[in-house]
Every structure is written in C-alpha cells, then in structure tokens.
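See structure below.
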Amino acid sequence: MKRVLAALALVAFLVATSSAQTAKCVLQFEASQPADGLSAQVTGRGKVILRLRGSAGDRLSERAQTVAYRLNQVAMAGAGPGDVVVKTSRNRARIIVAGEDLLAVDAALAKSCKSSPAGLAQAWAQNLKAVFNEPYLTLSPYRELLVPVGETRLLRWGGTLHKPDRGEIADEVIATSQMEAEQKVFAVWALQPGTTQLVVTAQDCQHTITLVCKKWAAQIPESSQLQVSGGSLRRDSLLQAVENLVRSATKAEPNAQLNCGEPSPVSGGYRIRVEAWGDEYLPVARMHRVEVQRIPAPELTADVLLVSNLPEKVTEPAVLLREALAEGRSTRLLWHHINLADRALWMAVLLHNLADSDAQVHFTGAKAGPSRDEIFAGHTAATRFLSDLFSGTGYVLTLPARTSIELSALKLRPFELVSGLARLAPLQQAQLMVEVVFEQRRARSGFFSPVPQSLYNTPNTSGFEFEGERIVDLQHTVGGNWGFYSLGKGIDVNSGGRELAGSYGVLHRINAVVENPTDRSAVVELVMRPRGGVARGTFWIGGKLIETPMLTNASEQIIYRAMVGAKSTYKVQLATMPESGSHYPILLTLRTWQR
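Yeah, the sequence shown ends on 597 if you go by the working numbering, and it's all consecutive.
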C-alpha cells in the first residue's frame, strides 16, 4: 500500500512540473489548423515556426502535417541551426534541413504572406535556427505509447541533449521498461491492461509519456482446417461452416466483437478476413486461411428422430422442442412451423454444449423459407437434405464448452413458414441439447453464446423423440397382385405415448422385389399416388435423387422403371421420407406389365 501511495505521489508531482520543463527541453513539432481552413501552422517549443495561407481547398492541413513530420525526423537525428539552409532560384525558394527538403516557397505562397519567396523562406529558416539553437530532447511517440499486453513497444529518443539518465514507470504492475542506450530506445513491456506513465529524465529535463496497455481483442491464428465430407457444400452451409471454424479457432476476449468476411476460394481452401474489436481492447484484423480436409462421412445408421411440429401454427414466443441428444447415436431433426402471430417472430434452432469440454459434431442440414407455400418449403428442404444425406455431404462443427450455436435462425413475418431437416452425429461423447424456439427478437448477438443457466436444471420438455427409420419389404410377382405400401398412413407412437401422424421425417428404406416366373421379360414400375390430398415426393434410388411434381389424388407418377428378365428376380432399394407440407399418406405401387 505504501508503495502504491508513493508511486501516485511521484506521478502527481511529475505531471504538475513536467509541462513547464517540457517547454524548455523537449522539442516536438506539431501542425494545427483553425476551423475556417484558410491557414495552417507548424509550432515548436510553443512558438509558431511557419504559417501557410490559402483557400479552403489548398490542403493546407495536409501540407503542415508533412512539414511537422519531416522536422520531427531531422530533430530525432540531432539537427542543429547550421543544418538549416535556404536555396533560391528565380521565383522559388527551398528550405533544406540536414540535407532534407522541408518546404518549397513559391510566388503564390509568398504573396499570401505579403513577402517574396526568398524573404519568406529566410524568415522561416531563422525561426527554425532559433528553435534548434538550444539543446533539446526529442521523443517518439511524444504523448502516448500504446503497448499490447504481453508484447514490447519502443519509445525512441534523439536530439542534441545528453542521453536520458533514466526512465521510471509509475506503476510497474502494469508495465516495465528498460533503457537501451546504444539503440536510443526505451523498451516497454506491458504486463496487464491499464494506464500508467513513463517519466523520462535527462539532466534537469523531464517529460511524461502516457502508457496505455491493452489486450488484443482476439488472437486470430494464421490458418485452420475445415473437415468436409461428401460433395460440395451449398453456399449457406459453406458460410456457416467457415464461420464456425474460424470463430472456434479464434481466441476472442470477453465482450469483444468478431466479424468474419466472405470466404474467397484459393487453392486447397478459402481465405477470409477476420476482424475483432471492443472498447477495452486493441482492434485486430488479419487474413485467415481455411484449409479443407476431406474426410469420410459418419456411418448412416438408424437415427433418433426429433420432430418439432406441435404446434405447427405458432401464435406466441415459445420453446417448441427441447431434447438431449441420445448417447452413442446420431440424431435427425425435423422442424416445420408457420407464424400466425400478429407480428414478426424469430425462429431459431439451437444446439447447446452443456459439457466442460469442446464438442465436435458432424452436421448435415437443409432448410427452406421464409415462404407462404408449405408444400414448396417442405419439398425443397427434403430434397436438399436427402441429397446431402445419401451423398455423405456435411462438415465437422466445433462447439466450445458451455456455449450455444444457432444452427438456423430466420425472421418470419405473419403467415410465413419455415421447414428444415438436420442430422447431428457427435464424433465423441458429448452432453448436447437441441432446442427449437420462437422469440420476440433474436436473443443472441454473437455466433457463440453462453448456455442459459436454466438449461442445466430444466428437464426435457417436449418428448417428441421417435425411432427415425423403418424397413419396408415391397413384393410383387409378375402376373399376380400388385404390391402396395401406404406411406405415412400409420401413426408412430413413442415410448412416452406421443403420436406422430403421417410418419413425417421417418426415413423409410424400401426393399422392392419382383419375381418373374414367366417365360417373358416384364417392365417393372414403381408408382406414387397421393391419398391424403396434394403432395410431392422425393426418393433416393440407385444413387440418384428422384422428385415428383405436384400430384393430387386423381394423378399418379412413375418414379422408377426397369426390366425384369424371364424366370428371374429383380431387386431395387429406395429411400424416402414423408415431407413436411405435403398431405400424406401416399400410396406406393409396385407393378409390372409384359409386352
């Protein structure tokens, strides 16, 4: 405590006495300009050295700043009165200091000061000689030195005065310094955030420099590695994948703002500009390289299915689904909601990491909306998702300990809806929870946000967890009865008694088998016909995605056709799921006909 009081007393004394002493011994040239912009001046030792006059468009301030900068440079090198020279030629005179061109005085400039070029240049040169005549100390920077915490910055000195005797820092808890006489610098090391003073003493001359010590807003690495499986990511998925990676790899300070620009393709990956800033921190920006690493997709197993569709029509902010991800299994999530409130609402799909360690999840997702066409939205989400799912397309998402991330966030105006599907495959043991929420306003300002404390104590509230896959055998014998399967006719019931009408989101793997005992080949057809109203369908067959147009109960669509030889068996496997917005059930028919 005594040490702190003594330091404060030293600072108060030096601040009180340094201004008078500084005027005598410390030389700093400065430029200034009045508000009318019609003149600009350069001062040194509290005296006006020269004054430029002209019109508001003559860039007088810029010219004065240049003169002050050049004078400080030659002063640092120890310029004296004998180094100030005037050279004239016709209607022009040049002021040269220590071999450096300082300023050219032409007829227009001289006329504005009611003088001749030679006369004005000589007058200004005399002012400079007077300033340089007395011994002086020059410091750079002059008033304030900004030092990042954990790093060193240099305070340079020069001039004609004897070298500084010492430099004292008022609070050595914040920073320390070391004088390096041969290099003519004080090396200042910042220990922690704060503001203190460095007092430089040379003989009877003292000058106080304010030291501002701050942390960088973030530590941005030079590069990171994005793990991607399958095909190319769609633009929205790519942007989310890159930003997730960069933010998880960057060590941002608390309350610092982080901004990621648009990724631009380069060989083997992407380049992205990353910026961080905050009131308490030093702003930082750098180009970050994202290197793409190709990995195999996780095994496509029978996922747990979470369905967020009750209520489908949302009228108020609410938590619609909250479930913990199953241990050791992948989870498929379906959401489909329409905003029937009298105002716009935000709909968000959130993933929370409740553990004390980072979690990595292989993510495949697709969404559509906002839209007022529920069949279009549901079909678009389904086609995108099934295409990515069966091609293994996805990326590894990193979720830092005890943080949340928005997997999707959309603002829905009244009568607009959104539809989406996602698959979450944890790559190690993790304590993860997923939520679907409607909010009055977007509650999270950053990419990652702290997990709400209430989630650690609140039990799961939705109970909309179902078995996500069903195996279906569809058979037909040529010449016999057709094979039928009514997709979405039954009601799925989970262990908690919750019902899922229409089997929406349940992946159906259909094994279609046709026996042909006849002596002639036959044409095999797999046909879709709606039975509950207007519907569309999406099927993955033979490595290809098949989409149907809009169909009604009175229409049908052949989705697959092949030949089965005489006295042979034909097998084909397909996958589909009832898609949101369409009216299920639909009838799948396996039939044949012979030529």
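Note that beta-carbon positions come from the ideal geometry of N, C-alpha and C, so glycine has one too.
- A buried status is given to GLY232, since no fewer than 16 other beta-carbon atoms sit within 10 Å of its beta-carbon.
- Here ARG92 is not near ALA123, since their CB atoms are 9 Å or more apart.
- Here ALA183 is not near LEU200, since their CB atoms are 9 Å or more apart.
- For the pair ARG538 and HIS338, the CB atoms are not nearer than the 9 Å cut-off.
- Taking a contact to require three or more Cβ pairs closer than 8 Å, the region 560 to 573 and the region 511 to 530 qualify as touching.
- Each residue's CA atom was taken as its position, placing PRO150 and LYS217 some 5 Å apart.
- Rounded to whole angstroms, ALA33 and LYS165 show a C-alpha spacing of 27 Å.
- No Cβ-Cβ contact shorter than 9 Å links VAL292 with LEU335.
- In the DSSP assignment, no residue is bridged to GLN442.
- Taken in chain order, the whole beta strand (DSSP E) runs of length 3 or more contained in the region 397 to 473 are 405 to 414, 419 to 428, 434 to 441, 450 to 452, 467 to 469.
- Contact check for LEU592 against ALA503 fails: the beta carbons are separated by 9 Å or more.
- Within 10 angstroms of the beta-carbon of ARG324 lie 16 or more other beta-carbons, which makes it buried.
- If you ignore the 5 residues before and after GLN442, its C-beta comes within less than 6 Å of the C-beta of PRO319, all in its own chain and listed in chain order.
- GLU325 has VAL436 as its beta-bridge partners, per DSSP.
- In this structure TYR506 is buried. Its beta-carbon is surrounded by 16 or more other beta-carbon atoms within 10 angstroms.
- With a cutoff of 9 Å on beta-carbon distance, ARG275 and THR333 are scored as not near each other.
- Linking VAL480 to SER570 through their CA atoms gives a straight-line distance of about 10 Å.
- Residue environment for LEU111: buried (at least 16 other C-beta atoms within 10 angstroms of its C-beta).
- Residue burial is scored here from C-beta neighbours: SER488 has fewer than 16 other C-beta atoms within 10 angstroms and is therefore classed as exposed.
- Between ALA127 and PRO285, the alpha-carbon positions lie close to 42 Å from each other.
- Cα atoms of GLN259 and PHE449: separation of roughly 10 Å, rounded to the nearest angstrom.
- For the region 76 to 142, the full-length beta strand (DSSP E) segments reaching 3 residues or more read 86 to 91, 94 to 99, 102 to 108, 139 to 142 along the chain.
- A contact is defined here as three or more CB-CB pairs under 8 Å, and the region 399 to 416 meets this definition with respect to the region 337 to 352.
- Contact annotation: the region 572 to 583 touches the region 533 to 549, with at least three C-beta pairs closer than 8 Å.
- In its chain, beyond the 5 residues on either side, ALA379, GLU418, LEU419 have a beta carbon closer than 7 Å to the beta carbon of SER373.
- Contact between ASN341 and LEU401 is absent: CB atoms are separated by about 28 Å, not below the 8 Å threshold.
- In chain order, ILE377, MET552, LEU553, THR554, SER584, HIS585 place their CB closer than 8 Å to the CB of VAL536, counting only its own chain and leaving out the 5 sequence neighbours on each side.
- GLY161 is positioned such that its CB atom lies no closer than 9 Å to that of THR203.
- In the DSSP annotation of this structure, the continuous segment of the alpha helix (DSSP H) that includes GLU376 starts and ends at 376 to 393.
- Beta-carbon to beta-carbon, GLN30 and SER63 are separated by about 18 Å, too far to satisfy the 8 Å threshold.
- Apart from sequence neighbours up to five positions away, the residues of its chain that approach ARG522 with a beta-carbon distance below 6 Å are ALA568, GLN596, ordered along the chain.
- The Cβ atoms of GLN221 and THR252 sit closer than 9 Å to each other.
- Distance between ALA172 and MET181, taken at the CA atoms: about 15 Å.
- When only Cα atoms are considered, ALA254 and VAL436 end up about 25 Å apart.
- Assignment of GLU282 by DSSP, reduced to helix, strand and coil, places it in the coil class.
- Secondary structure note for ALA350: its beta strand (DSSP E) is the uninterrupted segment 347 to 355.
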